[in-house]
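**Student:** Numbering (the numbering used here), first residue to last: 11 to 183.
Note that beta-carbon positions come from the ideal geometry of N, C-alpha and C, so glycine has one too.
If you scroll down you'll find the structure; I have some questions about it.
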Amino acid sequence: MWTIILDKLNMLSERVPLQTKKDNIDSNYNTPWVNRSIKRAIRGKNKAWNDFDLNPCIRNWNIALEKQHVFEKCESNARIKYERKVTKCLKYNSRAFFSYLRSRNKVKEVVTNLVKPDGSRTTSDHDTAECLADSFSSVFVEEPQGPLPEACYNSENVKTCGEIVISFSDVYN
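Here you go:
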């Protein structure tokens, strides 16, 4: 049974052309104020961060932060320009304005009350915020800025698993 499935998968992989799926990591392309300069800034920012990932040094870190800052400034200016254009044409083209408002409107969920570590429930927004802050601070680990120390990505520190065995009964169950 398993060999039949494996043969079918091999046959499919030979006949189906390989195509990489393009991840939509940058949702910034979908906003109405995106122009060529923003796309150029996004590409520059992504390239800088990829260079930092390949060679994590303080120079690449500073370059990536600078490119990030350039992108954020460019996007902010373009957003302001677009919003001014939409509001300027509000009297003549209210459809664009209300379409933009609908796209920016987000439904925000409300956290009513939480269970505290002592078992009681929070009664106010202040208690809820303190409970959330305590739980987040208990799991938060502050790491230094900049590239990780070499010991973090050194291959000597990587632990390997033993051999993985998958049997027919495991797949069948």
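I need the straight-line Cα distance from residue 76 to residue 138, nearest angstrom please.
**Tutor:** Computed Cα separation, rounded: 37 Å.
**Student:** Quick test of your reading: residue 48 and residue 85, contact by CB under 8 Å. State the CB separation rounded to the nearest angstrom.
**Tutor:** 6 Å
**Student:** Assign residue 101 to buried or exposed, taking buried as 16 or more other Cβ atoms, counted over all protein chains shown, within 10 Å of its Cβ.
**Tutor:** exposed
**Student:** In the DSSP assignment, what residue or residues form a beta bridge with residue 131?
**Tutor:** 125
**Student:** In this structure, how does DSSP classify residue 41 when only helix, strand and coil are distinguished?
**Tutor:** Residue 41 falls in the coil class under three-state DSSP.
**Student:** With distances taken Cα to Cα, identify the nearest neighbour of residue 143 among 153, 127 and 78.
**Tutor:** 127
**Student:** Count the other CB atoms within 10 Å of the CB of residue 150; is the residue buried (16 or more) or exposed (fewer)?
**Tutor:** Counting every other CB atom within 10 Å of its CB across the protein chains shown gives residue 150 a total below 16, marking it as exposed.
**Student:** Less than 8 Å separating the beta-carbons of residue 157 and residue 43?
**Tutor:** no
**Student:** Within 10 Å of its beta-carbon, does residue 55 have 16 or more other beta-carbons around it, so buried, or fewer, so exposed?
**Tutor:** buried
**Student:** Check each candidate in 130, 96, 152 and 132 and name the one with the smallest Cα separation from residue 109.
**Tutor:** 96
**Student:** Drop a sphere of 10 angstroms on the beta-carbon of residue 176, count the other beta-carbons inside from all chains shown, and report buried for 16 or more, exposed for fewer.
**Tutor:** exposed
**Student:** Identify every run of the alpha helix (DSSP H) within the stretch 41-74, keeping only runs that are complete inside it and at least 4 residues long; order them along the chain.
**Tutor:** 46-64
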